[in-house]
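Every letter in the sequence shown is one number past the one before it in the working numbering, and letter 277, counting from 1, is 278.
Where a beta carbon is used, it is the ideal one built from N, C-alpha and C, also for glycine.
It should be emphasised that the depicted structure is a prediction, and the values quoted were computed from it without experimental measurement.
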Amino acid sequence: MSADPVLTLADLDRWSFSGTALAVLGHPIKHSISPAMHNAALAVMAAREARFATWKYFRFEVHPDDLPAALPRFHAKGFHGLNLTVPHKILAFARVAAVDPAAQPVGAVNTLRTTPAGWQGFNTDGYGLATAVREELGLDLAGTPVVLLGAGGAARGAAVECLQRGCASLWIGNRTVANLDDLLAQVRPLAGSIPLHGFDLSAPAGLPAHALVINATSAGLRDTDPLPIDLGRIPHPLGVYDMIYNPPLTPLLALARSRGLPHANGLSMLIHQGARALEIWTETAVPVEAMRKAAHAALGGRP
Ligand code: NDP
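Shown next as structure tokens:
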């Protein structure tokens, strides 16, 4: 058995772990590098503080049809915290006992913490994105014009984070205009005086100069995917952040590199959203560098 076996709900029926259990639920889950990141951090924390020696992070394959019944079962079995990944983040939002106020406008949760009344939901993806953009590109979302590509779940979290942090303006582009219109309607109440615009990805026009470009589409996951946008339509971008981390250099990032633009992939976002989740569960500082090292190792050492 590997160090991080893929568990199922049948394993939950027989659950007898006596330590503090954390887990990620997803469908599919076998490619998740979260167990490697979190268990590496917990090992470092255990060397510092003995109480963490009994903490362990597991992974469970859970079909979305099973999620509503599974969430109370994980709670009843005494799990201390859960991470939720594709496709559970929105499904779980309506099924937790309480939602952190910052996660309310996102409408999705990726981190659950046990409480006597049930699960409390948080969303650490926005924090992960903002921290990654600052760390990798030296940019603050606050005061920066942002061109955001995509209108799915990841884009919604990013749009909320940009608006909550006070970006200078937000331009959201998407392939399917109806999905774009839905997202614009959802986030417009957060915009206040921040200019908020939508555009069709296939015909970008009037985009702001000196903007941070964030790719939150899944275009780039496969070699055959088209570029999400013609970068040439954005005057003098400040940098390009692609939420995709596997492959590590998407065609969009390769184009940014060839133009000498600062660029980074989504691995740093994944690491920082995980670090924030672990902080929520442990209520103490977490070793981000250990998580980063484990994430790179789990992806085969690619930078
Ligand atoms: P969704 O399925 O909810 O949304 C997908 C988005 O991509 C939609 O806007 C869709 O547009 C767009 N899209 C898909 N294919 C194309 C294409 N060929 N050309 C242009 N646009 C396209 O996915 P998520 O929002 O959950 O995830 C988006 C990406 O972000 C994924 O690659 C995911 O791996 C990554 N991600 C990374 C994280 C990290 O921590 N680094 C965290 C979360 C997500 P349309 O509306 O037209 O269908």
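For the pair PRO65 and VAL100, the Cα-to-Cα distance works out to about 20 Å. For GLY27 and LEU43, the gap between their C-alpha atoms comes out near 21 Å.
The beta carbon of PHE94 sits closer than 6 Å to those of GLY108, ALA109 and VAL110, all from its chain and outside the five residues before and after it, given in chain order.
Runs of the beta strand (DSSP E) lying entirely within the segment 102-180, each at least 3 residues long, are 112-116, 119-123, 146-150 and 170-175 in chain order.
In this structure, the C-beta of TYR246 approaches the ligand NDP to less than 8 Å from one of its heavy atoms.
Using a Cβ-Cβ distance cut-off of 8 Å, the segment 156-172 and the segment 132-145 are in contact, since at least three pairs of beta carbons, one from each stretch, lie closer than that value.
Residue state for TRP56 is assigned as strand, using DSSP reduced to three classes. The segment 180-189 makes no contact with the segment 209-218; the number of CB pairs closer than 8 Å stays below 3. The alpha-carbon separation between ARG234 and SER203 amounts to approximately 11 Å. DSSP, reduced to helix, strand and coil, places VAL100 within a strand of the structure shown. As DSSP reads the structure, GLY240 sits in a beta bridge with LEU213. If you ignore the 5 residues before and after ALA47, its C-beta comes within less than 6 Å of the C-beta of PHE53 and ALA54, all in its own chain and listed in chain order. With a cutoff of 9 Å on beta-carbon distance, LEU113 and GLY122 are scored as near each other.
In the DSSP assignment, LEU197 falls within the beta strand (DSSP E) that extends over 197-201. The straight-line gap separating the alpha-carbon atoms of THR125 and SER33 is approximately 17 Å. The three-state secondary structure of ALA24, taken from DSSP, is strand. By the neighbour-count criterion, in which a residue is buried when 16 or more other Cβ atoms sit within 10 angstroms of its Cβ, GLN274 is buried. Secondary structure at HIS264: strand, using DSSP grouped into helix, strand and coil. The beta-carbon separation of ILE215 and ALA159, rounded to 6 Å, stays under the 8 Å limit for a contact.
Per the Cβ contact rule, the segment 254-269 is not in contact with the segment 281-292 (fewer than 3 Cβ pairs under 8 Å). By the criterion of a C-beta distance shorter than 7 Å, THR21 is surrounded in its chain by THR55, TRP56 and HIS81, once the five residues flanking it on both sides are discounted. Rounded to the nearest whole angstrom, the C-alpha separation of ALA11 and GLU280 is 29 Å. The beta carbon of MET38 is closer than 6 Å to those of GLY275, MET292, ALA295 and ALA296 in its chain, skipping five residues each way along the sequence. Between the ligand NDP and ALA131, a heavy atom-to-CB distance of less than 8 Å is absent.
Proximity of the beta carbon of SER35 to the ligand NDP is not indicated: no heavy atom of the ligand is located closer than 8 Å. Straight-line spacing of the CA atoms in ALA51 and ARG60 works out to 23 Å.
With a threshold of 8 Å, the Cβ atom of MET292 does not count as near the ligand NDP, since no heavy atom of the ligand is closer than that. The C-alpha of PRO190 is placed about 35 Å away from the C-alpha of PRO249. ASP224 has its Cβ no nearer than 8 Å to any heavy atom of the ligand NDP.
Between ARG223 and the set THR86, GLU162, ILE245 and ARG135, the nearest pair of CA atoms involves ILE245.
Secondary structure at PHE61: strand, using DSSP grouped into helix, strand and coil. Bridge pairing for LEU85: LEU26 [DSSP]. With contacts defined by Cβ atoms closer than 9 Å, SER269 and GLU137 form a contacting pair.
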